[in-house]
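For the record, in the sequence shown the residue sitting at position 40 is 239 according to my numbering, with numbers rising by one throughout.
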Amino acid sequence: MIPTIRMSQRMSHTMHLRRVHFFFGIMVLHVHLCSEFGLSSAFSGGSFLERNDSPSFSDLLSSPESYASALNMTINEVVETKRIHKDASDQLFRKLKFSNLPGKTKHIMQCKHRYRHGHHPFVCDQCWSYAPVCICDRMLPKHSLPNNLELVLWLHHGEWGLTSNTGCILAQTLTPCTMLMKGLPHHDGEMEALLNDTDVLSVVLWPSNSGTRDFAPGTITIDQMKARLAKQGQHQRVVLIALDSTWRNARRMVSRLPESVFRLDLPERVVFPEGCNDVSIISPLRTRGPGVSNRQVCTAEAVVRALVALGLSEKEGERVLNVAEAKVDLIRRYRGKPLR
């Protein structure tokens with residue numbers, strides 16, 4: 200069930216709308232001036248990344264002209280795209296705030312909205328990077344998973360389309376790999392069919408020291424998993440489920456899995472192998488206070504380390520993480536965050 204919208208959420212949404220209205224007004228005014236004085240609002244040239252190697256992209260995106268140029272769009276197109284996205288968000292907000300629909304129905308509405316519109320109007324729908332720093336051309340070819348293993352990324356709707364998300368990189372660089380959003384009806388149907396299939400051995404990547412008390416199926420080690428793959432991989436589908444969410448939401452998601460689903464626990468020696476940097480590649484995008492550890496790995500790191508332990512080559516695993524790290528760096532520069 201989705202709780203009713205709290206005061207802090209309403210205030211946050213109101214402030215967001217004010218910022219959107221402000222920028223929207225600037226864009227509309229600029230389009231008017233371009234039309235009035237015969238200025239060009241269309242841009243051409245190479246891709247944004249080909250033209251810029253600055254350590255920060257924030258200055259390059261500080262005006263309507265440069266923003267439209269980075270998107271390879273006209274200012275009119277930018278304004279219209281932002282209007283469509285804003286209207287869809289406003290419509291959803293009104294339905295959630297003023298309707299008496301059941302909580303489950305509201306949750307489905309949120310999931311459908313996120314699946315269709317994402318977090319931001321100018322984000323690539325494949326790599327989930329801001330459009331000017333799309334990295335799709337770096338992700339091919341895809342690597343095949345070892346021992347007939349399949350990968351399913353089970354995402355909380357809040358992660359879908361998030362530019363800081365690294366799980367989407369896995370879906371674009373590994374095969375077979377499927378991304379499913381929890382709460383989206385047709386995705387829930389696929390997950391339910393998977394979990395109820397007696398010919399499928401499902402294993403969820405989940406640490407044994409996570410503190411979850413309401414979920415206690417058997418824990419399986421890497422060695423036991425490898426033995427099962429060697430024995431059953433040719434005759435039975437073996438699916439590794441990776442949760443992609445905050446820890447709080449992930450605990451709720453994993454508690455809803457049937458007890459027949461094993462937990463695959465990753466020891467520290469697998470997560471941080473010898474000679475590996477023990478700082479997560481996602482750390483440049485995290486907001487951390489003094490003394491807070493950056494050893495909490497992102498989705499891509501945890502999954503790749505598990506897959507390498509299960510038979511994926513070190514070279515292939517390193518390439519996937521290099522793509523994820525490149526995305527993180529581009530997003531950091533796009534946001535104007537300093538390199539710490």
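Where a beta carbon is used, it is the ideal one built from N, C-alpha and C, also for glycine.
With distances taken Cα to Cα, identify the nearest neighbour of residue i among the options.
i       : options                            : result
Ile-274 : Ser-328, Gly-535, Leu-260          : Leu-260
Asn-346 : His-284, Lys-425, Gln-495, Gly-360 : Lys-425
His-355 : Asp-387, Ala-501, Ala-392, His-319 : Asp-387
His-284 : Met-308, Pro-320, Leu-270, Ser-512 : Pro-320
Lys-514 : Leu-291, Thr-445, Thr-280, His-342 : His-342
Ser-444 : Arg-293, Met-378, Met-308          : Met-378
Gln-423 : Phe-461, Thr-280, Phe-292          : Phe-461
Tyr-533 : Leu-339, Thr-280, Ala-330          : Ala-330
Arg-451 : Trp-353, His-385, Asp-464          : Trp-353
Lys-311 : Arg-447, Gly-382, Leu-484          : Gly-382
Leu-509 : Glu-458, Gln-371, Thr-420, Leu-529 : Thr-420
Arg-313 : Gly-360, Glu-517, Arg-455          : Gly-360
Gly-417 : Gln-290, Glu-458, Ala-269          : Glu-458
Asn-395 : Leu-456, Ser-265, Arg-518          : Leu-456
Pro-483 : Ala-449, Arg-531, Pro-472          : Arg-531
Met-380 : His-306, Met-338, Lys-296          : His-306
Gly-357 : Arg-315, Leu-339, Pro-340          : Arg-315
Arg-287 : Thr-304, Phe-297, His-318          : According to the sequence shown, residue 287 is Ala rather than Arg. Comparing Cα positions, the closest option is His-318.
Quick one: what does DSSP say residue i is sitting in, helix, strand or coil?
i       : result
Ala-523 : helix
Cys-310 : helix
Cys-376 : strand
Val-496 : coil
Ser-268 : helix
Ser-240 : Annotation note: pLDDT 34 at Ser-240 (below 50); position unreliable, no value reported.
Pro-301 : coil
Gly-388 : helix
Met-452 : helix
Lys-536 : coil
Met-338 : coil
Asn-395 : helix
Pro-472 : coil
Asn-364 : coil
Val-478 : coil
Leu-260 : helix
Gly-382 : coil
Pro-280 : Looking at the sequence shown, residue 280 is not Pro but Thr. Residue state, collapsed to three classes: helix.
Arg-427 : helix
Gly-317 : coil
Trp-359 : coil
Arg-540 : Because the chain is modelled from 200 through 539, residue 540 falls outside the range shown and cannot be assessed.
Gln-290 : helix
Output needed for residue i: all residues of its chain with C-beta closer than 7 angstroms, excluding positions within five of it in sequence on either side, in chain order.
i       : result
Ile-480 : Cys-497, Glu-500, Leu-520, Ala-523, Glu-524, Val-527
Trp-327 : Gly-360, Leu-361, Thr-362, Asn-364, Cys-367
Pro-406 : Asp-464, Leu-465
Ala-449 : Leu-442
Leu-428 : Asn-346, Leu-348, Val-437, Leu-509
Gln-325 : Cys-335, Gln-371
Leu-270 : Val-277, Phe-321, Ala-330, Pro-331
Cys-529 : The question names Cys, but residue 529 in the sequence shown is Leu. For Leu-529, where only same-chain residues beyond five positions count, the Cβ hits under 7 angstroms are Ser-328, Val-332, Ile-334.
For residue i, list the residues DSSP reports as bridge partners.
i       : result
Ser-512 : Bridge partners of Ser-512: none, in fact.
Ile-419 : Leu-463
Val-351 : Thr-377, Ile-440
Tyr-329 : Val-322
Val-403 : Ile-440, Arg-462
Ser-343 : Thr-374
Can you list, in chain order, the residues of its chain with a C-beta nearer than 6 angstroms to that of residue i? Leave out the 5 residues immediately preceding and following it.
i       : result
Pro-537 : none
Leu-291 : His-312
Phe-256 : Arg-532, Tyr-533
Gly-516 : Val-503, Val-507
Thr-280 : Pro-320
Cys-323 : Ala-330, Cys-333
So, does the CB of residue i fall closer than 9 angstroms to a CB anywhere in chain B?
i       : result
Glu-349 : This model lacks chain B altogether, as it is built from one protein chain only.
Quick one: residues in its chain with C-beta nearer than 8 angstroms to the C-beta of residue i, no 5 flanking neighbours on either side, listed in chain order?
i       : result
Gln-435 : Asp-398, Val-399, Leu-400
Val-470 : Val-496, Glu-500, Ala-501, Arg-504
Glu-349 : Pro-375, Cys-376, Thr-377, Arg-436, Val-437, Val-438, Leu-439
Glu-389 : Thr-377, Leu-379
Gln-309 : Ile-201, Leu-291, Leu-295, His-356, Gly-382
Check whether the region 512-525 and the region 332-344 are in contact - that is, three or more C-beta pairs closer than 8 angstroms.
Flag = yes, the region 512-525 and the region 332-344 touch.
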